[in-house]
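Before any comments, here is the structure.
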Amino acid sequence: MNNTTHSAAMTVVRTAVLYSTGTLLIMAGLSFDPAASFRYGALMTLLLAGFFLLKGTQPPPSTQQSTAPVTASQQVPAPSDEQSSDESRALEAAYIKGARTAMYGGLALWSISLVLTSMT
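Here you go:
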């Protein structure tokens, strides 16, 4: 795994972990009704999958050059088109993989909620 792919994967994992923390807190708040807790957890996880899918399929932002004067200490070499293309492809692939994983997790939570509903 090269550095670009690793950075893209870590970006998606960071987003998923922060979102999952909120989801788990809401599920814990609904712990008095386990079926509803898992149902809302599944819906929120599927919402995350939709966000990842949206981020993975949107076109990369266009690079606009600033017209402000740049001093010698502020000059940073611009990334080549090939490098930015590789980064956007790696990020797109990481978002799609994250969407797939979140969908599997959401479907698992939903099936658990169905089992808990049928038990009551």
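Count along the sequence shown from 1, add 218, and you get the number used in our numbering. Built from N, CA and C at the ideal position, the CB exists for glycine as well. Since the model is a prediction, treat every value here as computed from it, not as a measurement.
Item	Value
From Ala326, Gly316, Ala308, Thr319, residue whose alpha carbon lies closest to that of Trp224	The residue asked about is misnamed: residue 224 is His in this sequence, not Trp. Ranking the options by Cα distance to His224, first place goes to Ala308.
Simplified DSSP assignment, three categories, for Thr338	coil
Cβ shell of Met321 (< 6 Å), same chain only, five flanking positions each side left out	Ala267
Where the alpha helix (DSSP H) through Ser238 begins and ends	221 to 247
Rounded C-alpha distance that separates Glu305 from Thr222	6 Å
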